[in-house]
Amino acid sequence: MPWREIRTPKPGRKWPHMKDTAASAATEATLFPPARTALRDLYRAARHLPSSDPYTPARLGRIADQAEYLLDSWPVSQWPMSLHSGQSLPARAVLLGWVAAARRDISHAGTAAGTSWPYPQWHRITTTLLAALVPFA
Numbered sequence: 001m002p003w004r005e006i007r008t009p010k011p012g013r014k015w016p017h018m019k020d021t022a023a024s025a026a027t028e029a030t031l032f033p034p035a036r037t038a039l040r041d042l043y044r045a046a047r048h049l050p051s052s053d054p055y056t057p058a059r060l061g062r063i064a065d066q067a068e069y070l071l072d073s074w075p076v077s078q079w080p081m082s083l084h085s086g087q088s089l090p091a092r093a094v095l096l097g098w099v100a101a102a103r104r105d106i107s108h109a110g111t112a113a114g115t116s117w118p119y120p121q122w123h124r125i126t127t128t129l130l131a132a133l134v135p136f137a
């Protein structure tokens, strides 16, 4: 197999197809407040909680509390009409309603130590909470 020469751009230059990630990160930071990043992190944390973990009910309760706080504290004037790839963002009241529904189900199911939820209940609560957080993923 013959050796190939690996071509790289000259120092200080880029290939035409390469994106300037630093510039895109800077514009992203100016478009969205830090709450967007925090909501994305909450989504990632909730997405990976197993149904069989004894601490899942308490963790989902804390995630729901934090999500409600972040959505409620997001300045109305800075609420974006859409996020990445032109996907329209639901109204803040809709997202807060989903979080409130998840919190209500969590408090009804209980989060005391040793509480285990049946799988259908865990699935319903987690899906409702993730529905409110997925636009920020």
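Using UniProt numbering, the letters of the sequence shown correspond one by one to residues 1 to 137.
Ideal Cβ positions, reconstructed from N, Cα and C, are used throughout, including at glycine.
Based on DSSP bridge pairs, tell me the residues matched to S82. Per DSSP, S88.
Looking only at C-alpha atoms, which of G114, Q121, Q87 sits nearest to H108? Minimum Cα distance to H108 is reached at Q121.
Determine the direct distance from the alpha carbon of G110 to that of V134, and round the result to whole angstroms. Cα to Cα, V134 sits roughly 24 Å from G110.
Cβ pair count under 8 Å reaching 3, the region 113-129 against the region 49-67: At 8 Å Cβ cutoff, the stretches touch.
Using three-state DSSP, classify W74 as helix, strand or coil. Assigned with DSSP and collapsed to three states, W74 falls in coil, not helix or strand.
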